[in-house]
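Per the working numbering: the sequence shown = residues 1 to 168. To start, the structure itself, in structure tokens.
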Amino acid sequence: MHVVYSMTRPEFADDVLALLRRYRVAPSRVCLELTEGALVAEPDLARRTMQRLADNGMSVMLDDLGAGFSSLSYVHQYQFSGLKIDKSFILELAESPRSHAIVRAIVRMAESLGLTLVAEGVEDAATLSMLRDMGAAQAQGYFFDKPMPLDALTRTALAPRSAPSTIL
Numbered sequence: 001m002h003v004v005y006s007m008t009r010p011e012f013a014d015d016v017l018a019l020l021r022r023y024r025v026a027p028s029r030v031c032l033e034l035t036e037g038a039l040v041a042e043p044d045l046a047r048r049t050m051q052r053l054a055d056n057g058m059s060v061m062l063d064d065l066g067a068g069f070s071s072l073s074y075v076h077q078y079q080f081s082g083l084k085i086d087k088s089f090i091l092e093l094a095e096s097p098r099s100h101a102i103v104r105a106i107v108r109m110a111e112s113l114g115l116t117l118v119a120e121g122v123e124d125a126a127t128l129s130m131l132r133d134m135g136a137a138q139a140q141g142y143f144f145d146k147p148m149p150l151d152a153l154t155r156t157a158l159a160p161r162s163a164p165s166t167i168l
């Protein structure tokens, strides 16, 4: 049986919490990432769903901040626990003074609001260094590793560390 879990369904939070109970996973160990599409379709339902998940200890992050038509109003209206900066800004960080300024502003905003921040799209040591200098706390991207199946991830996680940490 294949089940699609869509945040636009009123039962979404109940379904997620039931799955966590079924597999004995603490909600505090899970972070749900939402793009603006989930918020635009049903804003009131999204707000209630996010609140229910947060009340049960789950983190909810706004993914791809800065991509598409995303707005700072989402950061204001919804109780996110963190933000993920869209990789389009990170990929241009070294070449674009505007991207650099925008990323720096987002880092400061997240810090001021007490939100976790993840920079997506880190592909080299120079970009990682710039993010570290700005005070970014976490990063992800091909510099650390490429996406992989669960069994490969498990082997990698259990192997001696030679790759850089995702915590800056």
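C-beta atoms are modelled at their ideal positions from N, C-alpha and C, and glycine is treated no differently. Source: prediction; values computed, not measured.
Pull up the distance between the alpha-carbon of residue i and that of residue j, whole angstroms please.
i, j, result
"residue 114", "residue 143", "27 Å"
"residue 22", "residue 87", "34 Å"
"residue 58", "residue 130", "30 Å"
"residue 89", "residue 120", "9 Å"
"residue 49", "residue 10", "8 Å"
"residue 105", "residue 84", "13 Å"
"residue 77", "residue 91", "28 Å"
On a CA-only basis, which of the options is nearest residue i? Give me that one, please.
i, options, result
"residue 107", "23, 123, 36, 65", "65"
"residue 124", "94, 99, 43", "94"
"residue 116", "81, 105, 51", "81"
"residue 54", "40, 33, 67", "33"
"residue 39", "29, 61, 30, 31", "61"
"residue 122", "109, 112, 137", "137"
"residue 42", "31, 74, 20", "74"
"residue 99", "78, 79, 67", "67"
Is it right to say residue i is buried, meaning 16 or more other beta carbons lie within 10 angstroms of its own, or is it exposed?
i, result
"residue 3", "Only weak support exists for where residue 3 lies, its pLDDT of 48 falling under 50; the value from the coordinates is given anyway. Its Cβ having fewer than 16 others within 10 Å, residue 3 is exposed."
"residue 133", "exposed"
"residue 146", "exposed"
"residue 148", "exposed"
"residue 46", "buried"
Based on the DSSP output, what are the partners of residue i in its beta bridges?
i, result
"residue 116", "82"
"residue 60", "32"
Grouping DSSP H, G and I as helix and E and B as strand, with all else coil, what is residue i?
i, result
"residue 93", "coil"
"residue 166", "Legend: pLDDT at residue 166 = 49, less than 50; position of this residue unreliable, no value from coordinates given."
"residue 157", "helix"
"residue 110", "helix"
"residue 13", "helix"
"residue 139", "strand"
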